[in-house]
Amino acid sequence: MSDDTVKQELYSSIGQDPHTFDNPEIAHVTINENKVLASNTVPGLTVDVRELPDGIDLRMELEENRVIQYPVHMCFGVIPRTGVQRINLDVVIGKNSKISLMAHCSFPFAVDVKHIMDAKIKVMDGAEYSYFERHVHSETGGVNVLPKAVVDVGRGARFRTEFQLLKGRVGIMDIDYETHVAEEGLVEMTALVSGSGDDHIVLHETAFLEGASSRAVLTSKVAVRNNARSEVFNKIVALAPYARGHVDCKEIIKDNGVAVATPIVDVRDAHAHVTHEAAIGSVDKKQLETLMSRGMDEDEASEVIIQGLLS
Amino acid sequence: MTGKKTDKSILELRDLTLRLGDRQILNGITMDIWEGHVHAIVGTNGAGKSTLASTIMGLAGYRDFGGDILFRGESIKRMNIDERARLGITLAWQEPARFEGLKVRDFIAAGAKNESEAGLAHALETVGLRPDEFMYRAVDKTLSGGERKKVELASILLMKPGLAFLDEPDSGIDIDSIQRIFRVVKLLRGEGTTVVFITHSKAVLEQADHAFLLCGGRVVDQGKSARISKYFENECMPCGVRDPLARGETDER
Ligand SMILES: Nc1ncnc2c1ncn2[C@@H]1O[C@H](COP(=O)(O)OP(=O)(O)OP(=O)(O)O)[C@@H](O)[C@H]1O
Ligand SMILES: [Mg+2]
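Line by line, the protein sequences give chains Z and V.
Heads up, the first sequence is in this note's numbering, so the first residue is 866 and it goes up one at a time.
Heads up, the second sequence is in this note's numbering, so the first residue is 109 and it goes up one at a time.
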């Protein structure tokens, strides 16, 4: 397959209009396996990519006091049926800058694909970094997704991340995000995942609230059907006065699904306040009966409810 | 307008009884709902109105009843909720469910058969919700009680059912909106839906042709809604105190 064909395949799998990237004001990088197929950057933003035998090193730095108007797109694809893709990400968002990044990860034909991400992210004082990760997988479950990130959130800085599987089966997924939050910093991490077949979902979202008045909200919403399993270990450690945090975990199980939630709240300052909420259960009966009373059968109705929850 | 002998029943309840836990809630209800008419079921708190609607809809916990329910002449006793709904029976709940994340658009589209986006927007407008404001809001706890009731009604409007039970459609609804809801009911009726209100309200009762007075899980009176309304308002006592059926005051049906 030519690079161009692969690129078209990749964009169409994620439903991305390739002409978006004709706009020189939109920064983007498109990578299939370990090859850069396209890229563009905008003033203030440096992106360096180095190809590795089984992936890439990607360093992204945004200067201080820069606001990037349009979301930056990163497309990571493995179009072949098998392969390993290792992404080493090093991100620095300069003081008081603002950027939003849309990462599309696409393995539409995967039978045996491993996607490993190792990220070091620094969001400097007063900066804002929003990171949306959208996945498209094959229907076989042959994907192994292992993203790991360590994030430093500076004073008054904000880090927001949202993980969503848009299409296909999860396969095996183990997300491990650790954040360290300085004074008045804010972290919001959300994961929305729906598993079926024999999918296995593991989430570790952790926030260390190290600075006074730092805040974190960790949200996970997971649905498991058939024989899928999910384990959510979300954790907030509050170490400073007036730190505030909330861990929210909702899991819906159907069929023989298994869901385990272990929210951990560790508070070491008398002026801090952290709460948690975990709910695991089948689809709510009244919601189900309401949709059924409009003529949907039970399966359709529970799908609508789950899709709503995960939207 | 009270029904004539030629009127066709869309729903017939035959000696319906139901126990919940160790309590007998429905005590032998026999009732005919006429196609094309607007009916009202009235009764004090705890009379069994919502229980009756839940039993007709076939909700879990309300399936094990005595007697029979016939829809267009056929027993629906063994049918699930969705089978009953696909026949054309639906219920707007007294306290509608709240979902998480589900958008108004997707909720109201659930019962609609291949409705266009314009059709969905029109239904929202009809119940008094601005589509640009509400279409993509979640049907969750952020909607006010009245807004949630209106979304419920929009969903029913789109479903175009043969028979709709509206359980306290006016609760949480402001005065202006009640008039709008009555217009929606006229629309429903125009499209061939038989409407049954469940209510305590005189204003709602007056919209009906025919009313049933429920007390202690029994129909203790039925007839022209004006007469039932007057009785319900002025004389209705805790049940058992006076039995209007025994006074021979019923209307011919
Ligand atoms: N699951 C249950 N177990 C036992 N009793 C129940 C149950 N559900 C309802 N009841 C009782 O059945 C009676 C009828 O309840 P229902 O909700 O049908 O009343 P209603 O006429 O709709 O009243 P309202 O006007 O307050 O809505 C009440 O006394 C109620 O407490
Ligand atoms: Mg009631």
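Glycine included, C-beta positions come from ideal geometry on N, C-alpha and C.
Computed from a predicted model, the values in this text were never measured in an experiment.
Any non-hydrogen atom of ligand 2 closer than 7 Å to residue i Cβ
| i | result |
| --- | --- |
| V/Ser158 | yes |
| V/Ala278 | According to the sequence shown, residue 278 of chain V is Asp rather than Ala. Not under cutoff, so the answer is no. |
| V/Asp275 | yes |
| V/Gln315 | no |
Local conformation of residue i per DSSP, three classes
| i | result |
| --- | --- |
| V/Tyr187 | Tyr is not the amino acid found at residue 187 of chain V; the sequence shown has Met there. If DSSP states are grouped into helix, strand and coil, V/Met187 belongs with coil. |
| V/Arg127 | strand |
| Z/Leu1091 | As written in the sequence, residue 1091 of chain Z is Asn, which differs from the Leu given in the question. Coil at Z/Asn1091, not helix or strand. |
| Z/Tyr996 | strand |
| Z/Arg951 | strand |
| Z/Leu902 | strand |
| Z/Asn897 | strand |
| V/Lys294 | helix |
| V/Leu266 | helix |
| V/Glu223 | coil |
| Z/Met866 | coil |
| V/Leu271 | strand |
| Z/Asp887 | helix |
| V/Ala316 | coil |
| Z/Gly880 | coil |
| Z/Gly1119 | Strictly speaking, residue 1119 of chain Z in this sequence is Lys, with Gly absent from that position. Z/Lys1119 falls in the coil class under three-state DSSP. |
| V/Val235 | helix |
| Z/Leu1031 | strand |
| Z/Arg1080 | strand |
| Z/Ser1085 | strand |
| V/Asp172 | coil |
Supposed contact pair residue j and residue i - C-beta distance, whole angstroms, cut 8 Å
| i | j | result |
| --- | --- | --- |
| V/Gly136 | V/Arg291 | V/Gly136 to V/Arg291, Cβ: 36 Å. No contact. |
| Z/Ile952 | Z/Met925 | Contact flag wrong, Cβ pair sits at about 12 Å. |
| V/Leu296 | V/Val303 | 6 Å |
| V/Lys258 | V/Thr301 | Not confirmed; about 17 Å, so no contact. |
| Z/Tyr871 | Z/Leu902 | Tyr is not the amino acid found at residue 871 of chain Z; the sequence shown has Val there. Confirmed, Cβ separation roughly 7 Å. |
| Z/Val1046 | Z/Gly1076 | 6 Å |
| Z/Asp1041 | Z/Gly1007 | So it is not a contact: roughly 21 Å between Cβ atoms. |
| V/Ala200 | V/Ile264 | 5 Å |
| Z/Arg1080 | Z/Gly1110 | 7 Å |
| V/Leu119 | V/Leu126 | Incorrect: roughly 16 Å between the Cβ atoms, too far for contact. |
Residue i: CB within 7 Å of a non-hydrogen atom of ligand 1
| i | result |
| --- | --- |
| V/Gln330 | no |
| V/Arg131 | yes |
| V/Gly151 | yes |
| Z/Gln873 | no |
| V/Gln202 | yes |
| V/Gly154 | yes |
| V/Glu251 | Correcting the residue identity first, residue 251 of chain V is Leu in this sequence and not Glu. No - ligand 1 has no heavy atom lying nearer than 7 Å to the Cβ of V/Leu251. |
| V/Leu261 | no |
| V/His147 | no |
| V/Leu128 | yes |
| Z/His1141 | no |
Where residue i falls, given that 16 or more other Cβ within 10 Å makes a residue buried
| i | result |
| --- | --- |
| V/Ser183 | exposed |
| Z/His1138 | exposed |
| V/Met109 | Confidence is the limiting factor: at V/Met109 the pLDDT is only 44, short of 50, which leaves the residue's position unreliable and the question unanswerable from this model. |
| Z/Gly880 | exposed |
| Z/Gly942 | buried |
| V/Ser337 | buried |
| V/Leu322 | buried |
| Z/Asp1146 | The question names Asp, but residue 1146 of chain Z is Gly in the sequence shown. Classification of Z/Gly1146: exposed, given that the 10 Å Cβ count is below 16. |
| Z/Val932 | exposed |
| Z/Asp882 | exposed |
| Z/Ala1144 | exposed |
| V/Thr138 | exposed |
| V/His318 | buried |
| V/Ser252 | exposed |
| Z/Ile1118 | buried |
| Z/Ser1095 | buried |
| Z/Leu820 | Outside the displayed range of chain Z (866 to 1176) lies residue 820 of chain Z, so it cannot be described from this structure. |
| Z/Ser1158 | buried |
| Z/Gln873 | exposed |
| Z/Glu998 | buried |
| Z/Pro1106 | exposed |
Residue i beta carbon near ligand 3 (any heavy atom closer than 7 Å)
| i | result |
| --- | --- |
| V/His308 | No copy of ligand 3 appears in this structure; the ligands present are ligand 1 and ligand 2. |
Practice item. Mind checking the segment 167 to 197 of chain V against chain Z and listing, in chain order, the residues whose C-beta falls within less than 7 Å of any C-beta there? Key: Correct list: Leu167, Ala168, Ile189, Asp190, Ala193 and Arg194.
Check your understanding: Name the residues in the segment 1140 to 1168 of chain Z whose C-beta lies less than 9 Å from a C-beta of chain V; which are they?
Key -> Residues of the segment 1140 to 1168 of chain Z with a C-beta less than 9 Å from any C-beta of chain V: Asp1149, Lys1150, Lys1151, Gln1152, Leu1153, Glu1154, Thr1155, Leu1156, Met1157, Ser1158, Arg1159, Gly1160, Met1161, Asp1162, Glu1163, Glu1165 and Ala1166, listed in chain order.
Exercise for review: Pull out every residue of the segment 1075 to 1087 of chain Z whose Cβ sits closer than 7 Å to any Cβ of chain V, in chain order.
Suggested key: Listed by position along the chain: nothing, the set is empty.
Practice item. Please name the residues in the segment 246 to 269 of chain V whose beta-carbon is closer than 7 Å to at least one beta-carbon of chain Z, in chain order. Key: Across the segment 246 to 269 of chain V, CB contacts with chain Z closer than 7 Å involve Ser263 and Met267, in sequence order along the chain.
Review point. What residues in the segment 294 to 312 of chain V bring their beta carbon closer than 7 Å to a beta carbon of chain Z?
Key: For chain Z, none of the residues of the segment 294 to 312 of chain V brings a beta carbon within less than 7 Å of one of its beta carbons.
Exercise for review: Check each residue of the segment 923 to 947 of chain Z: if its Cβ is closer than 7 Å to any Cβ of chain V, include it; give the result in chain order.
Suggested key: From the segment 923 to 947 of chain Z, no residue has a Cβ closer than 7 Å to chain V.
Review point. When Cβ atoms are compared, which residues of the segment 1095 to 1124 of chain Z fall closer than 9 Å to chain V?
Key: Residues passing the 9 Å Cβ filter: Lys1115.
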